[in-house]
Amino acid sequence: MVDAVGSGRGPGLTLLWGVALRIGKTLDTLLSWGLEPSERNALLAERHDDRCCEAQDPESSIFAYFVRTVRTAVGDLAQRLADQRVTTIPTSIMYVFVCIGTVIIAMRPISTSQRVAYALIISGLVVTVITGVRHPLMIVKKGMAAGSMLISTGAFLDAATIDLDYQTLSADLVRAVAISTLGGGYLLMAIGLLTQRGSPHMLLIGGTVALGSYLLLALGESMWAAKIVAYAPGRALGAAAIAIGALLGAHSFGRLRHLPVG
Amino acid sequence: MRRRGNDGLVDNELKLVVAALRKHERGQEHFYGFELAKDIAALESSKSLMSHSTLYRGLRRLEDRGIVESWWETPEAAAEDGREGRLRRYYRLSGTPEAIAAMLMHEAGRGVQRKWWTQWGLGAVRA
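If you're matching them up, the sequences are chains V and R in order. Numbered according to our numbering, the first sequence spans residues 118 to 379. Numbered according to our numbering, the second sequence spans residues 108 to 234.
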């Protein structure tokens, strides 16, 4: 459709406006992912018409268009994160934060058992993100149960092999408790998902345990990041990413129980 | 910035209603989103248009409250206007301008809204 639009300054669309329209359309498409199909189609069609009108308007400038596009993207992102409607998208975003943080921390020299633990956690997070993004309006038992099981196994292994350094002992203890509780929460959720119809009580209990442990994990990772930032800024950055993800998770995770399990 | 109450409209939504009322005053009964954004920018002497998220979320909320109603144009109408395959959503006020103006005055009869009333020249539409 973009090709059918004129710039308002000549017979055809200028290359710059064509690129600008495509960028806007891509952002709209990305940021509306997971909405109800009819609502999403209406949103995309209305915004596309608006953007084309702006491209055709002789008074508009490309700079103003980009500023408006950025403001729109920020507004959309904030709206999606705080949306009252429940989708798996906010939780998937928090998983991405935790995943990035875990990858950063896993790059330092660590024992084989810890490497296995991180690999399991990262695999579980990736499986869960892919499942959540592909099916934002429901909990897909197969993918979510597999992801939860991997995260749970990795978390237990990580908690068992965590380095207790006397310089960061308090943060390490908080992290160990948080990670093992997280493993327990995910294990309960995986069991809940693997029952024939998806046990809502098990999911509620598992989700509540995981939610509480996310808050504890955010505290532990923040404490750890603050203590190591002077001599290990890379690891501190990873811990900060996990802490941000954990805080986002504490906000969005519990709401997932309102989604249908299928 | 005035925050939304339980049932109230925020500033940007009030701006949309006032811009729609001005259009009605000028004899334009229906309009689309980009037109409103342009009008508001002109009234505020601003170069930047209201963001898409604020604009269309605001219009949805006005529609939910029964202040405006919307419909999609037909593909034939779009083609006639030289917009092959690019449908446009039109809006119009769903009540009389007087009733909407009365609701508006009741809703935010102080400060910001009175200022718009005088500055934006809504002379003919009185509650």
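By construction, the Cβ of each residue, glycine as well, lies at the ideal position given by its N, Cα and C atoms.
Exercise. Can R292 of chain V and I308 of chain V be called in contact, C-beta distance under 8 Å?
Worked result: no
For this session: Kindly indicate which residue of V:V203, V:S177, V:L160 has the alpha-carbon position closest to the one of L148 of chain V.
Result: V:L160
Exercise. How big is the Cα-Cα spacing for R126 of chain V and G135 of chain V?
Worked result: Note that R126 of chain V has pLDDT 43, beneath the 50 cutoff, so the model's placement of it is unreliable and no number is given.
Problem set entry | Proximity below 8 Å, CB of G87 of chain V to CB of P253 of chain V | Nothing about residue 87 of chain V can be reported from this structure: the residues present for chain V run from 118 to 379 only.
For this session: Compare the Cα-Cα distances from T325 of chain V to each of V:E156, V:T298, V:A347 and report the closest residue.
Result: V:T298
Exercise. How many whole angstroms separate the CB atoms of A262 of chain V and L304 of chain V, which I take to be in contact at a CB cut-off of 8 Å?
Worked result: Actually they do not touch by this definition, with Cβ atoms about 11 Å apart.
Exercise. Are D282 of chain V and D275 of chain V close, meaning C-beta to C-beta below 8 Å?
Worked result: no
For this session: Output, in sequence order along the chain, the residues in the region 179 to 199 of chain R whose CB is closer than 7 Å to any CB in chain V.
Result: The residues in question are E191, G192, R193, L194, R195, R196.
Problem set entry | chain V contacts made by the region 130 to 150 of chain R, where a contact means CB separation under 9 Å | Close to chain V, meaning a Cβ-Cβ distance shorter than 9 Å, are the following residues of the region 130 to 150 of chain R: Y139, G140, F141, E142, A144, K145.
For this session: Give the interface partners of A367 of chain V over in chain R, defined as CB-CB distance under 7 Å, in chain order.
Result: In chain order: nothing, as chain R lies at least about 25 Å away.
Exercise. What residues in the region 133 to 161 of chain V have a beta carbon less than 8 Å from any beta carbon of chain R?
Worked result: D145, A159, L160
Problem set entry | Coarse secondary structure for I239 of chain V, derived from DSSP in three states | helix
For this session: Could you say which of R:T161, R:A148, R:Y197, R:A184 lies nearest to V187 of chain V if we only look at CA atoms?
Result: R:T161
Exercise. Taking just the CA atoms, how far does E136 of chain R sit from R199 of chain R?
Worked result: 6 Å
Exercise. Under 7 Å Cβ-Cβ, which residues of chain V neighbour S158 of chain R?
Worked result: R185, R188, T189, G192
For this session: Determine which residues of the region 313 to 340 of chain V have a Cβ less than 8 Å from any Cβ of chain R, and write them out in chain order.
Result: For chain R, none of the residues of the region 313 to 340 of chain V brings a beta carbon within less than 8 Å of one of its beta carbons.
Exercise. Any idea what DSSP makes of R196 of chain R, helix, strand or coil?
Worked result: strand
Problem set entry | DSSP-derived helix/strand/coil call for L256 of chain V | A small correction: the amino acid at residue 256 of chain V is Ile; Leu does not occupy that position in the sequence shown. DSSP places I256 of chain V in strand when its eight states are reduced to three.
For this session: Look at the alpha carbon of T181 of chain R and the alpha carbon of I256 of chain V, and state the distance between them as a whole number of angstroms.
Result: Distance between the alpha carbons of T181 of chain R and I256 of chain V: 38 Å.
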